[in-house]
Each structure stands twice: as structure tokens, then as C-alpha cells.
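Student: What follows is a single structure, and I will ask about it in a moment.
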Amino acid sequence: MSEDIKEDRMESADRTHFGFHEIARNEKVGLVRSVFDSVAPRYDLMNDLMSGGVHRIWKAALIDWLRPTAHMELLDVAGGTGDVALGFRKAGGGKATICDINEQMVSHGRDRAMDHGVFHGINWCVGDAENLPMPDCSVDAYTIAFGLRNVTEPQKALMEAYRVLKPGGRFLCLEFSHVVIPWLAEVYDRYSFSVLPQLGHWVGKDRGAYQYLAESIRKFPQQAELASMMQNSGLELVSWRNLTCGVVAIHSGWRL
Ligand SMILES: C[S@@+](CC[C@H](N)C(=O)[O-])C[C@H]1O[C@@H](n2cnc3c(N)ncnc32)[C@H](O)[C@@H]1O
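In terms of our numbering, the sequence shown is residues 3 to 258.
In C-alpha cells form, the structure reads like this:
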């Protein structure tokens, strides 16, 4: 291999994207952290405004597919303010742990849960999806909602998911995906790149964070590619469901 090609490969291994911008790989975690530090106080309100409340239906579909039971222990990674874990508990699930890299998001979520009288059955912890502070084979279910797109190395996060799942454990990922109807994809594109950043500016007080949201969605792997990344991490019986014509998709896999 020529020195030039070797150098190119090394360079691309050291680089990644933050939305449409190419950046050094080691910069991404800090940039993502600053996005969520900035949006944390208005994160829940913005979710409702941006999706017209539909994010609640998507999260309910994730929990429904998981079919929680009282003996099922959940790890919700990139859990933010805790919607999925709280929904899991409400649906009859067992102990839930929320793990998120951003302390601000976790602390807003914890306060919100306490305001709603939720004190038991949920652990909140700060940690990185790529290097989870959990032992091998320790949870029955792993969920990640709107989180995988933000991690620097999604493949590494998927391998971590596999590591912490017990044999027989379930992996579910809810993430923005790729719209499967061309005319709708066009309308959605217009909405994402004009309305979202403007809403972000007015309500979220951070236009850049919502521009990043729109761009990061476009850079995220298509449904089939994510499925094969899951298989590469060892997950089996991989399948997915598109919701709202592929605006989001839920991917499912098992550690057998
Ligand atoms: C869009 S929010 C989703 C929050 C929540 N799951 C929900 O659906 O409302 C993305 C979350 O991913 C977290 N995050 C980003 N990179 C992460 C990483 N490497 N490890 C763990 N969490 C991460 C952010 O801090 C943020 O709380």
C-alpha cells in the first residue's frame, strides 16, 4: 500500500462528522455534550413542539414492542430525561437504569421524575454508550432512543449493548431514519431545514443545536445498514419497523 493511501486511511479513521461538518473524531463527544447542555432545560418542550407530540407515540411503540414484565431489568442508554424508562415502569417493567453522558439531561430528568412522584425503581447514572459502566451480561433489555445518532462510534456502542445484555436479552433502538415515500421525504426535508432551526432559535434558544439535529438525521445509516451494523455486533434475529413512513424506525435484535 502506498504511503499516500495509508495516510488517507489514517486520516479518515481519525475523522468523523458532526452534522454535515467533518471534524476530528475526538472533538465529537464535546460538541454533542455542548448541544445537550444548551438544550437540556427546554428539551422536553422542544420535543413536543417539533413533533406535535408524536414522539410520545413513537416511544410508546418502542415500549409496546419490548413487552415489559415485572422481572425485566432495563438499561436505557442515552436516556436523557427518562421518557423511555418511565414509560417502561408504567407499563409494568422491573428496575430501570438510565445512563446518559450528559449530567444536565440526567439531572433535569431526575427532577422531573421527582416532581411526578417517581422515587423508586429508577437509577440515574452518567456514562458513555461506548464504554458503559455496567458488567457483562447484566441486563434483560437495552433501549436507546434518539441516542445512537449522537455517539461518536455507533458500532462500538452496539458492541457495548451486546456485552451488557444477558443471553436471551433484547436490544431495541428508536431513531430518526429515512422516509420511504419520495414526496414526503421532500416535504420532511423542507420542514427539517427551515422550521426546525427556527423553532430551535425561538424556543430552544439555540438554532445551531436544531440545525445539527436535521443534519445528523441525514447522516445516520439507512434502515438496512443499521440492521447489518447490529448483526456485526453479534445481535441476532434483527428486524425493524418503520413508523410515520420511516421518519423514525425501531430496530430490534437479540443476544442469543
Ligand atoms: C436526543 S436525546 C434523547 C434522549 C431520550 N432518549 C429521549 O428519547 O428523549 C440524545 C441523548 O443522547 C445523549 N448522548 C449523546 N452521546 C452519548 C453517549 N456517547 N453516551 C450516552 N449518551 C449520549 C445526550 O446526552 C442526550 O441526552
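Glycine residues also receive a C-beta, built at the ideal position from the N, C-alpha and C atoms. Keep in mind it's a predicted model, so treat the numbers as computed, not measured.
(1) I need the DSSP call for V128, collapsed to helix, strand or coil.
(2) Could you check what DSSP says for C139 in three-state terms: helix, strand or coil?
(3) Spatial neighbours of L134 within its chain, please: C-beta separation below 6 angstroms, excluding the five flanking residues on both sides.
(4) Quick check on S53: does DSSP put it in helix, strand or coil?
(5) For a test of your reading of the model: does the CB of P191 fall under 7 angstroms from any non-hydrogen atom of ligand 1? Yes or no.
(6) Determine the DSSP secondary structure at H122, reduced to helix, strand or coil.
(7) Would you call the segment 166 to 185 in contact with the segment 24 to 39, where contact means no fewer than 3 C-beta pairs closer than 8 angstroms?
(8) Would you mind working out which of P223, V197, Q224, Q225 sits nearest Q213, comparing C-alpha positions?
(9) To the nearest angstrom, report how far apart K61 and A26 are at their CA atoms.
(10) Using a threshold of 8 angstroms, state whether the C-beta atoms of V141 and G171 are closer than that.
(11) Report the three-state DSSP secondary structure of P70 (helix, strand or coil).
(12) Would the C-beta of D208 count as close to ligand 1, meaning under 7 angstroms from any of its heavy atoms?
(13) Go through the segment 136 to 202 residue by residue and report every complete run of the alpha helix (DSSP H) that reaches 4 residues or more, in order.
(14) Identify the continuous beta strand (DSSP E) that holds E24 and give its terminal residues.
(15) Please determine if the segment 72 to 85 and the segment 142 to 149 are in contact, where contact requires at least 3 C-beta pairs separated by less than 8 angstroms.
(16) Classify K207 as buried or exposed, calling it buried when 16 or more other Cβ atoms lie within 10 Å of its own Cβ.
(17) Is the beta carbon of T18 within less than 7 angstroms of some heavy atom of ligand 1?
(18) For T71, count neighbouring C-beta atoms within 10 Å of its own C-beta (all shown protein chains included) and say buried if the count is 16 or more, exposed if not.
(19) Using a Cβ-Cβ cut-off of 7 angstroms (strictly less than) and excluding sequence neighbours within five positions of A93, which residues of its own chain qualify?
(20) Work out the CA separation of A143 and T99 for me, nearest whole Å.
(21) Buried or exposed: S230, going by 16 or more other Cβ atoms within 10 Å of its Cβ?
Tutor: Taking the geometry as given:
(1) Stepping through the sequence shown from its first residue, residue 128 is reached at position 126. Note: V128 maps to strand in three-state DSSP.
(2) Working through the sequence shown from its first residue, we reach residue 139 at position 137. Three-state result, C139: coil.
(3) Mapped onto the sequence shown, residue 134 falls at position 132. Excluding residues within five positions, the ones whose Cβ falls inside 6 angstroms are E162, V166.
(4) On the sequence shown, position 51 is the one that residue 53 refers to. Helix at S53.
(5) Within the sequence shown, residue 191 is the residue found at index 189, counting from 1. Correcting the residue identity first, residue 191 is Asp in this sequence and not Pro. No, since every heavy atom of ligand 1 falls outside the 7 angstroms radius drawn around the Cβ of D191.
(6) Position 120 of the sequence shown, counting from 1, holds the residue named residue 122. DSSP places H122 in coil when its eight states are reduced to three.
(7) no
(8) The residue labelled residue 213 in the question sits at position 211 within the sequence shown. Q213 has its Cα closest to that of V197, out of P223, V197, Q224, Q225.
(9) The residue you call residue 61 lines up with position 59 of the sequence shown. The residue you call residue 26 lines up with position 24 of the sequence shown. Roughly 33 angstroms between the two C-alpha positions.
(10) Here residue 141 refers to the residue found at position 139 of the sequence shown. Here residue 171 refers to the residue found at position 169 of the sequence shown. It is a contact, given that the beta carbons lie within the stated cut-off.
(11) Numbered from its first residue, the sequence shown carries residue 70 at position 68. Looking at P70 - three-state DSSP - the assignment turns out to be coil, as it is neither helix nor strand.
(12) Taking the sequence shown and counting its residues from 1, the one referred to as residue 208 is at position 206. Result no, Cβ not under 7 angstroms from ligand 1.
(13) 156 to 166, 184 to 192
(14) Counting from one through the sequence shown, the residue named residue 24 turns up at place 22. Where E24 is concerned, the enclosing beta strand (DSSP E) stretches over 23 to 26.
(15) yes
(16) Residue mapping note: residue 207 aligns to position 205 of the sequence shown, counting from 1. By the neighbour-count rule (16 or more Cβ atoms within 10 Å), K207 is not buried but exposed.
(17) Position 16 of the sequence shown, counted from the first residue, corresponds to residue 18. T18: no, Cβ never under 7 angstroms from ligand 1.
(18) Reading the sequence shown from its first residue, position 69 is the one you call residue 71. The residue is exposed, with fewer than 16 neighbouring Cβ atoms inside 10 Å.
(19) Taking the sequence shown and counting its residues from 1, the one referred to as residue 93 is at position 91. Once the five neighbours on either side are set aside, the close Cβ partners of A93 are I65, P70.
(20) Here residue 99 refers to the residue found at position 97 of the sequence shown. Here residue 143 refers to the residue found at position 141 of the sequence shown. Their backbone Cα atoms lie some 10 angstroms apart in a straight line.
(21) In the sequence shown, residue 230 corresponds to position 228, counting from 1. Flag for S230 reads exposed.
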